[in-house]
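Chains A and B supply the protein sequences, listed in that same order. Going left to right, the first sequence walks through residues 12 to 308 as our numbering numbers them. Going left to right, the second sequence walks through residues 186 to 466 as our numbering numbers them. Glycine is no exception: its CB is placed at the ideal position from the N, C-alpha and C atoms.
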Amino acid sequence: MKQIVTISGKGGTGKTILTAAFSAIAKNHVMADCDVDAADLHLLLSPDIKERHLFQSGLMPKLDRERCSECRQCVDHCRFHAIRDDLSLDPLACEGCRFCEYVCPMQAISMEKKNTGEWYLSETRFGPLIHARLGAGEENSGKLVSLVRKEAKETALKQGADWVLIDGSPGIGCPVIASLSDVDYAVVVIEPSLSGLHDAGRVIEVAKHFGVKSLVVINKYDLHQGLTTEIERFCGNRKIPVLGKIPFDKAVVEMMGQAKTIMETGKSEAKTAIIEIWNRLGKMIHSSGIKQSNANA
Amino acid sequence: MIVTIASGKGGTGKTTIAANLALLISNAQLLDCDVEEPNAHFFLKPEIKTSRKVFVRVPVIDESKCTFCGRCQKLCAFHALAVLPSKVLLFPELCHSCGVCSHFCPEHAISEEDREIGFVEIGSRGQLQFIRGLLNVGESMAPPLIREVKSYLNPTRTNIIDAPPGTACSMVESVRGSDYCLLVTEPTPFGLNDLKLATKVITEMKIPAGVVINRCDLGTEDVRKFCEQESIPVLMEIPFRREIAAAYAQGDLLLEKMPEYRPSFKKLWERIENFAAEGAA
Numbered sequence: 012m013k014q015i016v017t018i019s020g021k022g023g024t025g026k027t028i029l030t031a032a033f034s035a036i037a038k039n040h041v042m043a044d045c046d047v048d049a050a051d052l053h054l055l056l057s058p059d060i061k062e063r064h065l066f067q068s069g070l071m072p073k074l075d076r077e078r079c080s081e082c083r084q085c086v087d088h089c090r091f092h093a094i095r096d097d098l099s100l101d102p103l104a105c106e107g108c109r110f111c112e113y114v115c116p117m118q119a120i121s122m123e124k125k126n127t128g129e130w131y132l133s134e135t136r137f138g139p140l141i142h143a144r145l146g147a148g149e150e151n152s153g154k155l156v157s158l159v160r161k162e163a164k165e166t167a168l169k170q171g172a173d174w175v176l177i178d179g180s181p182g183i184g185c186p187v188i189a190s191l192s193d194v195d196y197a198v199v200v201i202e203p204s205l206s207g208l209h210d211a212g213r214v215i216e217v218a219k220h221f222g223v224k225s226l227v228v229i230n231k232y233d234l235h236q237g238l239t240t241e242i243e244r245f246c247g248n249r250k251i252p253v254l255g256k257i258p259f260d261k262a263v264v265e266m267m268g269q270a271k272t273i274m275e276t277g278k279s280e281a282k283t284a285i286i287e288i289w290n291r292l293g294k295m296i297h298s299s300g301i302k303q304s305n306a307n308a
Numbered sequence: 186m187i188v189t190i191a192s193g194k195g196g197t198g199k200t201t202i203a204a205n206l207a208l209l210i211s212n213a214q215l216l217d218c219d220v221e222e223p224n225a226h227f228f229l230k231p232e233i234k235t236s237r238k239v240f241v242r243v244p245v246i247d248e249s250k251c252t253f254c255g256r257c258q259k260l261c262a263f264h265a266l267a268v269l270p271s272k273v274l275l276f277p278e279l280c281h282s283c284g285v286c287s288h289f290c291p292e293h294a295i296s297e298e299d300r301e302i303g304f305v306e307i308g309s310r311g312q313l314q315f316i317r318g319l320l321n322v323g324e325s326m327a328p329p330l331i332r333e334v335k336s337y338l339n340p341t342r343t344n345i346i347d348a349p350p351g352t353a354c355s356m357v358e359s360v361r362g363s364d365y366c367l368l369v370t371e372p373t374p375f376g377l378n379d380l381k382l383a384t385k386v387i388t389e390m391k392i393p394a395g396v397v398i399n400r401c402d403l404g405t406e407d408v409r410k411f412c413e414q415e416s417i418p419v420l421m422e423i424p425f426r427r428e429i430a431a432a433y434a435q436g437d438l439l440l441e442k443m444p445e446y447r448p449s450f451k452k453l454w455e456r457i458e459n460f461a462a463e464g465a466a
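See below:
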């Protein structure tokens, strides 16, 4: 079984479109949406939720006003300024470190578990999908990503799947790092812009830092031929394989409007390019010894 | 005044809006809080005058004083410390710098030292002040660096904050304390879904918000309908044009490359000022 994560550094370069397209092509696979604070993969896969679980992570203090002597030690010791002047809590500032609870001489503060999200095991027309929703403004997105990853891997092992296809999140922080652990390859989607190249460069460094090999896909390559050439040169210099280039294609947005992947349209330039990319990815992995599912146009 | 440019979905045009607005208005300051992937400098090309490393505090254990009692491990809510029979292991990337371990160590064996997580750059472009943060590769926690960038907020200037995408802690840290939040989206199902999530966060934070619809002709009417239902004003719409995409790609500012957009940015700013004033009233 091979685990492939789609990342990009910069947001909006086409990670989800590509992951969904791979899901439509691949045979015998499990999907995982690890963009837990702005998940979109489900919009193309119309999942039928089979299991729904609470994600509890972190703690939040609760003050018992009856016991409180208003000594304000909690206010003074909190480094996150999470306890306001009137001793109410600013939940968005609180990191759940428990300093307030420990320091309170009246034992007036207790900690409650926070429900910071939900995760789901779903069935889709392309196979099982593990996805999640992080509560608004919550921390611990990395932990939720790790949980989604663990469940996806277990599901894949149970059904003897060949692939786990993972949709990653933008940036280089905790959710991205959590989505990179234990994967075989990172597919980095770059759009031809200075920002796209700069941000992809940083996330490729992060992948390398954690020992993950990157493979590049250039999306909407025809929107700026000059920068596409620059991306190819960048990859060439670093010996990063370019799996292929996808042209700007309005069919992508049209299919999105119908909650379908680009693979489910008739003829489209983007579709043709993605099939080539998938086959190239398969070949690359085949050479490292796994049975691949071949796609035909 | 503080105006933050945010979005749930990435790549909708936050930086384009933030950079052009900052250039348009007088006495402004742009703070790039997307410390994982800052991009505003590509467009504003500021002259950087100072660069400062940013540190967080992490514990150091004086093993000559330590009795390996395990209290620090027990109290740490983030599992950043593991106490073995004759050694204490620290996992610095898990540490939130809360200070619990050093405060409660019965032997006073724990002090704190700086650990570098990134840097802040300060510069300018003519009248415009520019501040950005850059998180080191491999670091997972952006909020402390975002707080550092925001320590440069200047009440005598109009502060434009370019926020990271998403709706998690980094986005919230960037938006906190803003007088107004502009949510940039696109009229696709992804744009709508992520706009709904972002709107929920902003509403909980009680910050007045408006929407900019980018690539407004590529998609459906659903985003406009949602804004109408939720009474969120749509302050500006920008069509998809290959020339705009090309200008963005090479780091050109719309106001310079396509001056015909100046009136619509002016109008956008007037509307932001009016709504922010209403919100404050």
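9 Å Cβ cutoff, residue i in contact with chain B
i                     : result
residue 134 (chain A) : no
residue 235 (chain A) : yes
residue 243 (chain A) : no
residue 24 (chain A)  : yes
residue 181 (chain A) : yes
residue 48 (chain A)  : yes
residue 30 (chain A)  : no
residue 213 (chain A) : yes
residue 190 (chain A) : no
residue 294 (chain A) : no
residue 104 (chain A) : yes
residue 27 (chain A)  : yes
Under 8 Å by beta carbon: chain A residues contacting residue i
i                     : result
residue 326 (chain B) : 184 and 185
residue 227 (chain B) : 205, 206 and 209
residue 385 (chain B) : 147
Contact list for residue i against chain B, beta-carbon separation under 8 Å
i                     : result
residue 149 (chain A) : 353 and 354
residue 51 (chain A)  : 194, 374, 375, 378 and 379
residue 90 (chain A)  : 282, 283 and 284
residue 145 (chain A) : 352 and 353
Residues that residue i bridges to, as DSSP identifies them
i                     : result
residue 130 (chain A) : A:64 and A:143
residue 71 (chain A)  : A:123
residue 296 (chain B) : B:245
residue 421 (chain B) : B:397
residue 42 (chain A)  : A:140 and A:176
residue 303 (chain B) : B:239 and B:320
Contact set between residue i and chain B, taken where Cβ atoms lie within less than 9 Å
i                     : result
residue 287 (chain A) : Those do not exist, as residue 287 (chain A) stays about 24 Å from chain B at its closest Cβ, beyond 9 Å.
residue 194 (chain A) : None at all; the shortest Cβ gap to chain B is about 16 Å.
residue 217 (chain A) : 322 and 323
Residue i at chain A interface by Cβ criterion, 9 Å
i                     : result
residue 433 (chain B) : yes
residue 267 (chain B) : no
residue 205 (chain B) : no
residue 322 (chain B) : yes
residue 235 (chain B) : no
residue 262 (chain B) : yes
residue 382 (chain B) : yes
residue 427 (chain B) : yes
residue 221 (chain B) : yes
residue 238 (chain B) : no
residue 300 (chain B) : no
residue 361 (chain B) : yes
residue 224 (chain B) : yes
residue 200 (chain B) : yes
Under 9 Å by beta carbon: chain C residues contacting residue i
i                    : result
residue 15 (chain A) : Checking the listed chains, one finds no chain C in this structure; the protein chains it contains are A and B.
Closer than 9 Å at the beta carbon, the chain A residues around residue i
i                     : result
residue 197 (chain B) : 22 and 23
Partner residues on chain B for residue i, Cβ-Cβ distance less than 7 Å
i                     : result
residue 220 (chain A) : 322 and 323
Proximal chain A residues relative to residue i, where beta-carbon distance stays under 7 Å
i                     : result
residue 294 (chain B) : The contacting residues do not exist; residue 294 (chain B) stays about 17 Å from chain A at best.
residue 430 (chain B) : 234
**Request:** With 8 Å as the limit, tell me which residues of the region 264 to 283 of chain A have their beta carbon closer than that to any beta carbon of chain B; keep them in chain order.
**Result:** 264, 267, 268 and 270
**Request:** Mind checking the region 389 to 419 of chain B against chain A and listing, in chain order, the residues whose C-beta falls within less than 8 Å of any C-beta there?
**Result:** 389, 390, 403, 404 and 405
**Against chain B: residues of the region 106 to 136 of chain A by CB proximity under 8 Å** = Of all residues in the region 106 to 136 of chain A, 106, 107, 108, 109, 110, 113 and 114 have a Cβ within less than 8 Å of some Cβ in chain B.
**Request:** Report the residues of the region 155 to 182 of chain A with a CB closer than 9 Å to any CB of chain B, ordered along the chain.
**Result:** 180, 181 and 182
**Message:** Along the region 62 to 82 of chain A, where does the CB come closer than 7 Å to a CB of chain B? Name the residues.
**Reply:** 70
**Request:** Scan the region 279 to 291 of chain B for residues whose Cβ lies nearer than 9 Å to a Cβ of chain A and list them as they occur along the chain.
**Result:** 281, 282, 283, 284, 285, 288 and 289
**Prompt:** Does the pairing of the region 380 to 394 of chain B with the region 360 to 370 of chain B give three or more beta-carbon distances under 8 Å?
**Reply:** yes
**Item:** Cβ-based contacts, 7 Å cut-off: residues of the region 332 to 354 of chain B near chain A
**Value:** 349, 350, 351, 352, 353 and 354
**Asked** Would the region 148 to 155 of chain A and the region 64 to 71 of chain A be scored as touching if the rule is three or more Cβ pairs under 8 Å?
**Response** The region 148 to 155 of chain A is in contact with the region 64 to 71 of chain A.
**Asked** At a Cβ cut of 7 Å, what residues of the region 432 to 465 of chain B count as close to chain A, listed as they run along the chain?
**Response** Residues of the region 432 to 465 of chain B with a C-beta atom less than 7 Å from some C-beta of chain A are 433, 434, 435 and 436, listed in chain order.
**Prompt:** Do three or more CB pairs link the region 256 to 273 of chain B to the region 202 to 210 of chain B at distances below 8 Å?
**Reply:** no
**Asked** Any chance the region 33 to 47 of chain A sits against the region 165 to 180 of chain A, with 3 or more Cβ pairs inside 8 Å?
**Response** yes
**Asked** What residues in the region 240 to 253 of chain B have a beta carbon less than 7 Å from any beta carbon of chain A?
**Response** none
**Prompt:** Are the region 14 to 33 of chain A and the region 190 to 198 of chain A in contact at 8 Å, needing three or more beta carbon pairs?
**Reply:** Segments in contact, yes.
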